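Peer 1: Using our numbering, the first residue of the sequence shown is number 234, and each one after it goes up by one.
Below is the structure I would like to discuss, written out as structure tokens.
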Amino acid sequence: MNAAGEIAGIIIDATNIWHGFVRTPDGEFTTFEAPGAGTGPFQGTWVNFQEGLNGQGTATGWYVDKNYTDHGYMRRADGKIATFDGPGEGVQYTAGLSTTWQGATVGIYLDAGNLYHGFLRWPNGKITTIDVPGAGTGAYEGTFPEAMNDEGIIAGNYIDTNGANHGFVLTPDGRITKFDAPGAGTGSGQGTVPYYVGDTGAVTGFFIDSSGVSHGFLAKPGNW
Numbered sequence: 234m235n236a237a238g239e240i241a242g243i244i245i246d247a248t249n250i251w252h253g254f255v256r257t258p259d260g261e262f263t264t265f266e267a268p269g270a271g272t273g274p275f276q277g278t279w280v281n282f283q284e285g286l287n288g289q290g291t292a293t294g295w296y297v298d299k300n301y302t303d304h305g306y307m308r309r310a311d312g313k314i315a316t317f318d319g320p321g322e323g324v325q326y327t328a329g330l331s332t333t334w335q336g337a338t339v340g341i342y343l344d345a346g347n348l349y350h351g352f353l354r355w356p357n358g359k360i361t362t363i364d365v366p367g368a369g370t371g372a373y374e375g376t377f378p379e380a381m382n383d384e385g386i387i388a389g390n391y392i393d394t395n396g397a398n399h400g401f402v403l404t405p406d407g408r409i410t411k412f413d414a415p416g417a418g419t420g421s422g423q424g425t426v427p428y429y430v431g432d433t434g435a436v437t438g439f440f441i442d443s444s445g446v447s448h449g450f451l452a453k454p455g456n457w
């Protein structure tokens, strides 16, 4: 839900196909499909849950095609949809996770070697890969940008060689700052996972401690 009161999300119909929707503040619903979305069971169009709608009504997420491969998309408020995949051959999965008023989108993709990378898709369609130094290079490790604010600050997490999560912030000048919430565990499946970055650069999300318990956190600029 954005500040204007618009809501974006997903529905699943009687034949188990997913569809995206936007609901205006006055209650009008518009459903939409990304071009290429499949029409079989558990195929279709998804809107990202955390940051899938920006203040200008642009939605982002992913769609599942007829071969059950996921691709990214961005839908503008006027209904125009751009689809995209992560760069390189053999990309298995792409998802748009957050978009700005300028039309830049961040997300993740899984390459042919089962390694996750982040990406920044510029308004002109150019895609830049994001890999945080220290991220693991094994199967299903890597870098996961989750959100970007209108100032171009990106927040997310990376998974190290031990399977632990760590937070990071990437500023528009290319500077990467890593951080861990106090008390975050360092074992596999533990650690810090940012989900949102506000207009001031404050980052919030959750962390999992060494006992496997989840907690929330807020990290203000200067603490990341």
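Idealized CB from N, CA, C, for every residue including glycine.
Note that the coordinates shown come from a computational prediction; the quantities given were computed from them, not determined experimentally.
(1) Helix or strand or just coil, what does DSSP make of F282?
(2) Once DSSP output is grouped into helix, strand and coil, what is the label at A388?
(3) So, does the stretch 304-321 touch the stretch 399-419, judging by three or more C-beta pairs under 8 Å?
(4) I387: buried (16+ other C-beta within 10 angstroms of its C-beta) or exposed?
(5) May I have the straight-line CA-CA distance separating Y326 from T419, to the nearest angstrom?
(6) Look at the alpha carbon of G375 and the alpha carbon of K453, and state the distance between them as a whole number of angstroms.
(7) Where does D303 sit, in a helix, a strand or coil, going by DSSP?
(8) When you compare only the Cα positions, how much space is there between V280 and E379?
(9) To the nearest angstrom, how far is it from the Cα of G346 to the Cα of T370?
(10) Starting from the N-terminal side, write out each stretch of the beta strand (DSSP E) that is 3 residues or longer and does not extend beyond the stretch 302-363.
(11) I'd like the list of long-range same chain contacts for T437, defined as Cβ closer than 6 Å, with 5 residues on each side in sequence excluded.
(12) Determine the burial state of A372: buried for a count of at least 16 other Cβ atoms within 10 Å of its Cβ, exposed for fewer.
Peer 2: In terms of the structure at hand:
(1) coil
(2) strand
(3) no
(4) buried
(5) 27 Å
(6) 24 Å
(7) strand
(8) 14 Å
(9) 9 Å
(10) 303-308, 314-317, 326-332, 338-343, 349-354 and 360-363
(11) Y429 and L451
(12) exposed
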